[in-house]
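Engineer: Counting in our numbering, the sequence shown runs from 1223 upward without gaps.
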Amino acid sequence: MKASQFFIATQKEAPADAEVVSHQLMMRAGMIKRLGAGIYNYMPMGLRVIRKVEAIIREEMGRAGAVEMLMPVVQPAELWQETGRFDKMGPELMRVKDRHGRDFIIQPTSEEVVTDVARQELRSYKQLPKNFYHIQTKFRDERRPRFGIMRGREFTMKDAYSFDRNPAAAAKSYETMFAAYKRIFDRFGLQYRAVAADTGAIGGDLSHEFQVIADTGEDAIVYCPTSDYAANIELAEAVALSSERGAATQALTKTATPGKSTCADVAVLLDLPLAQTVKSLVMATDEVNDKGDIVGSTVWLLLLRGDHDMNEVKVGKVEGLKGGFRFATLGEIEDHFGCKPGYLGPIGLKKPVKVIADRTVANMADFVCGANEPDFHLTGVNWGRDLPEPDLVADIRNVVAGDPSPDGQGVLAIQRGIEVGHVFYLGTKYSKAMNATFLDETGKPAHFEMGCYGIGVTRILGAAIEQAHDARGIVWPDAIAPFTVAICPIGYDRSADVKAAADALHDELQAAGIDVMLDDRGERPGAMFADWELIGVPHRVVLSDRGLKEGQLEYQGRRDAAATKVPTGEVAAFVK
Ligand code: ATP
Ligand code: MG
Ligand code: MG
Ligand code: MG
């Protein structure tokens, strides 16, 4: 490939809305171009990376026995009504109508469609196991699209779905996918961790997230450096709460005073396991008078289903600590908060409660909020206007670094991650809802045991950059770099020798199957080098008249501090 034929659009400055380095660098490197909130053009340079990511995924999915198909982006609502997700899923699900007024959705994922395919096509146990996947555009109307394509509204996902005859076979399919994911993320050259995740309503222990380690990650992961234990924070918290710490928390119930309600109080009130209550969200809003005294309090319980469905949030109201519980009407909630209910983030037990709220929700300036432990109220909460975004890791309450690991093999450490993949055992949730059956060995219809397996294809780009960049730009791992080597001739437009040598090297590397870019734009060396460093090409070869006279080229790896002289003809060995 020659630069003059390609499209290179580097920029000196990143736009002001680019908060994280990957977003800034992708914009500056001309890899993506914003079209609307969370919606981007994948420009030629960025698309090359996406295609490389996809190619690795395809190879490994194929090796693991998954078969590729392509399911539509726009899907009829009827299927989504069968599983109830058309109504249950919140505003993240984009619903559209056609000219006849019929309902459709723009797929955020494809369980319904693939289950519909399976119930028609997979009739006998002899056709199982089967794993269908596609790499397709997704749309999720994210509450807060940000970080460029890391949390876009339109993005590309690889989603695979396994169909099995029984739970044991499904567990095997899950393991096969888990192993394939490890190979995929190894090949990307990323530093990642597979962490156990909550299975929500499905139960069991078959759900893992693949988290790329990065300080800017939105997720927190808990692991034990001296053992294999690793979980996402939600699961780690739930486990911690159902054990010793949970018992300690429960003891708080006895000392809780009116207006200082705890999660444990609510658990008792609702007769729910504490872990389940805490996994849900509890928030107390206390009315305060001018002097700051608490004169009344309401405990709000948001039941958050942690299953694979989008979060289903129900807002309930506990009337005083000794009162009963009922779900509040939307009108009541609106009256109380002066706005519509939305998503409130996890609230813990030990530290002051911080409400991570939708900006439209938490207009609670007049309230004291969060009452998980006596005297730990947070006053003046008004997330909608002036409070800074809470620090998610600092906000972790029930599992802290240094806690003993649940496996007894050491102590816990906490780090941030970016969720790039998620594997999930679904059981018969979808096959039952859609009555998807096959004939088993005895000739009787049985529901498919299913699993689903996602990889955020476009998110990988952002995650890789968060992990590898420097002051000059992106440092792509070789496997997913847009080009493997950039040939930078000095004086391509002036020197016939340089031009001839550069063209020959380009052809030689290309013939050797190396993804080579020849910068034939005739740019000044400084500008040329800056571009390829910003774009993050892992290998650079510089040709000049002087070097050629000595029979030498200059090679520099993207991470190298200085160039190395290499005899002409030995370059291929360096960039392989
Ligand atoms: P998150 O917790 O980041 O919102 P999720 O758990 O909702 O992600 P899944 O439903 O598990 O996402 O989808 C599978 C994969 O798709 C995720 O692991 C992630 O890599 C990717 N993904 C999800 N949402 C987005 C998005 N808005 N933009 C880009 N990639 C996404
Ligand atoms: Mg999500
Ligand atoms: Mg997630
Ligand atoms: Mg997920």
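Ideal placement from N, C-alpha and C gives every residue a C-beta, glycine not left out. Everything numeric in this text was worked out from a predicted model, so none of it was measured.
Going by beta carbon distance, what residues of the same chain come within less than 8 Å of residue 1338, once the five residues before and after it are set aside?
Structural biologist: By one-based count along the sequence shown, residue 1338 stands at place 116. 1301, 1656 and 1658.
Engineer: So, for residue 1457: in the same chain, excluding its five sequence neighbours on each side, which residues have a beta-carbon less than 7 Å away from its beta-carbon?
Structural biologist: Start at 1 with the first residue of the sequence shown, and residue 1457 comes out as number 235. If we look at residue 1457 and ignore the five residues flanking it on each side, its Cβ neighbours are 1418, 1419 and 1420.
Engineer: Does residue 1746 pass the burial test, meaning 16 or more other C-beta atoms within 10 Å, or should it be called exposed?
Structural biologist: Your numbering for residue 1746 matches position 524 in the sequence shown. So residue 1746 counts as exposed.
Engineer: Less than 9 Å separating the beta-carbons of residue 1779 and residue 1796?
Structural biologist: Numbered from 1 along the sequence shown, position 557 holds the residue referred to as residue 1779. Numbered from 1 along the sequence shown, position 574 holds the residue referred to as residue 1796. Contact: yes.
Engineer: Can we say the stretch 1366-1380 touches the stretch 1232-1244, given the rule of at least three CB pairs closer than 8 Å?
Structural biologist: Result yes; three or more Cβ-Cβ pairs closer than 8 Å.
Engineer: For residue 1677 and residue 1687, which I take to be in contact (beta-carbon distance under 8 Å), what is that distance rounded to the nearest angstrom?
Structural biologist: The residue labelled residue 1677 in the question sits at position 455 within the sequence shown. The residue labelled residue 1687 in the question sits at position 465 within the sequence shown. Between residue 1687 and residue 1677 the Cβ distance is about 17 Å, and since that is not below 8 Å, they are no contact.
Engineer: Does the CB of residue 1436 have a neighbour CB from chain D at under 9 Å?
Structural biologist: Of the protein chains in the structure, only one exists, and it is not chain D.
Engineer: By DSSP's criteria, residue 1396 is part of a beta bridge. Which residues make up the other side?
Structural biologist: Taking the first residue of the sequence shown as position 1, residue 1396 is located at position 174. Its beta-bridge partners do not exist; DSSP assigns none.
Engineer: To the nearest angstrom, how far is the alpha carbon of residue 1775 from that of residue 1749?
Structural biologist: Taking the sequence shown and counting its residues from 1, the one referred to as residue 1775 is at position 553. Taking the sequence shown and counting its residues from 1, the one referred to as residue 1749 is at position 527. The alpha-carbon atoms of residue 1775 and residue 1749 are separated by roughly 19 Å.
Engineer: Please determine, among 1379, 1389 and 1375, the residue with the shortest C-alpha to C-alpha distance to residue 1350.
Structural biologist: Working through the sequence shown from its first residue, we reach residue 1350 at position 128. Among 1379, 1389 and 1375, the Cα nearest to that of residue 1350 belongs to 1389.
Engineer: Once the 5 residues before and after residue 1643 are set aside, which same chain residues still bring their CB inside 6 Å of it?
Structural biologist: As a working mapping, residue 1643 is identified with position 421 in the sequence shown. Counting only Cβ-Cβ distances below 6 Å, and skipping sequence neighbours, we find 1403, 1432 and 1677.
Engineer: Opposite residue 1781 in the DSSP bridges: which residues?
Structural biologist: In the sequence shown, residue 1781 corresponds to position 559, counting from 1. According to DSSP, residue 1781 bridges with nothing at all.
Engineer: Verify the contact flag: residue 1331, CB atom, against every heavy atom of ligand 1, threshold strictly below 8 Å.
Structural biologist: Position 109 of the sequence shown holds residue 1331. Yes, the Cβ of residue 1331 comes within 8 Å of a heavy atom of ligand 1.
Engineer: Can you grab the Cα-Cα spacing for the pair residue 1237 / residue 1751, in whole Å?
Structural biologist: On the sequence shown, position 15 is the one that residue 1237 refers to. On the sequence shown, position 529 is the one that residue 1751 refers to. For residue 1237 and residue 1751, the distance between alpha carbons rounds to 22 Å.
Engineer: Is residue 1692 helix, strand or coil by DSSP?
Structural biologist: Here residue 1692 corresponds to residue number 470 of the sequence shown, with the count starting at 1. Strand.
Engineer: Between residue 1439 and residue 1638, which are expected to be in contact by the criterion C-beta below 8 Å, what is the C-beta distance as a whole number of angstroms?
Structural biologist: As a position in the sequence shown, residue 1439 is number 217, starting the count at 1. As a position in the sequence shown, residue 1638 is number 416, starting the count at 1. The pair is a contact, with the Cβ atoms about 4 Å apart (cut-off 8 Å).
Engineer: Suppose the cutoff is 8 Å on Cβ atoms and the five residues either side in sequence are ignored; what does the same chain contact list for residue 1363 look like?
Structural biologist: Residue mapping note: residue 1363 aligns to position 141 of the sequence shown, counting from 1. Hits under 8 Å: 1313, 1314, 1315, 1316 and 1375.
Engineer: Beta carbon of residue 1314: closer than 8 Å to some heavy atom of ligand 6?
Structural biologist: Of the ligands one can find in the structure shown, namely ligand 1, ligand 2, ligand 3 and ligand 4, none is ligand 6.
Engineer: Thinking C-alpha only, which one of 1246, 1628 and 1733 is nearest residue 1794?
Structural biologist: Counted from its first residue, the sequence shown places residue 1794 at position 572. The shortest C-alpha separation from residue 1794 is found at 1733.
Engineer: Given that a residue counts as buried once 16 or more other Cβ atoms are within 10 Å of its Cβ, and exposed if not, what is residue 1449?
Structural biologist: Position 227 of the sequence shown holds residue 1449. Label assigned to residue 1449: exposed.
Engineer: In terms of alpha-carbon separation, which member of 1661, 1742, 1708 and 1739 lies closest to residue 1340?
Structural biologist: Translated into the one-based positions of the sequence shown, residue 1340 becomes position 118. Among 1661, 1742, 1708 and 1739, the Cα nearest to that of residue 1340 belongs to 1661.
Engineer: Rounded to whole angstroms, how far is the Cβ of residue 1304 from the Cβ of residue 1355, which I believe are closer than 8 Å?
Structural biologist: Numbered from its first residue, the sequence shown carries residue 1304 at position 82. Numbered from its first residue, the sequence shown carries residue 1355 at position 133. The pair is not a contact, with the Cβ atoms about 22 Å apart (cut-off 8 Å).
Engineer: So residue 1254 is in the beta strand (DSSP E); what residue range does that whole segment cover?
Structural biologist: By one-based count along the sequence shown, residue 1254 stands at place 32. Segment 1254-1258, the beta strand (DSSP E) holding residue 1254.
Engineer: Is there contact between the stretch 1717-1735 and the stretch 1664-1672, where contact requires at least three CB pairs shorter than 8 Å?
Structural biologist: Contact fails: fewer than three Cβ-Cβ distances are below 8 Å.
Engineer: Looking only at its chain, what residues have a beta carbon closer than 7 Å to the beta carbon of residue 1743, apart from the 5 residues adjacent to it on each side?
Structural biologist: Residue mapping note: residue 1743 aligns to position 521 of the sequence shown, counting from 1. For residue 1743, where only same-chain residues beyond five positions count, the Cβ hits under 7 Å are 1225 and 1226.
Engineer: Run the proximity test for residue 1441: is its beta-carbon closer than 8 Å to any non-hydrogen atom belonging to ligand 3?
Structural biologist: One-based indexing of the sequence shown puts residue 1441 at position 219. Answer for residue 1441: yes, Cβ within range of ligand 3.
Engineer: Which class does residue 1643 belong to by DSSP, given the choice of helix, strand or coil?
Structural biologist: Start at 1 with the first residue of the sequence shown, and residue 1643 comes out as number 421. In the structure shown, residue 1643 sits in a strand (DSSP, three-state: E or B).
Engineer: Shorter than 8 Å, the distance from the beta carbon of residue 1680 to the closest heavy atom of ligand 1, or not?
Structural biologist: The residue given as residue 1680 occupies position 458 in the sequence shown. True, at least one ligand heavy atom lies under 8 Å from that Cβ.
Engineer: What are the start and end residues of the beta strand (DSSP E) that includes residue 1786?
Structural biologist: Working through the sequence shown from its first residue, we reach residue 1786 at position 564. Element bounds for residue 1786: 1786-1789.
Engineer: Between residue 1761 and ligand 4, is the CB less than 8 Å from at least one heavy atom?
Structural biologist: Along the sequence shown, read from residue 1 onward, the residue named residue 1761 stands at position 539. Flag unset: Cβ of residue 1761 not near ligand 4.
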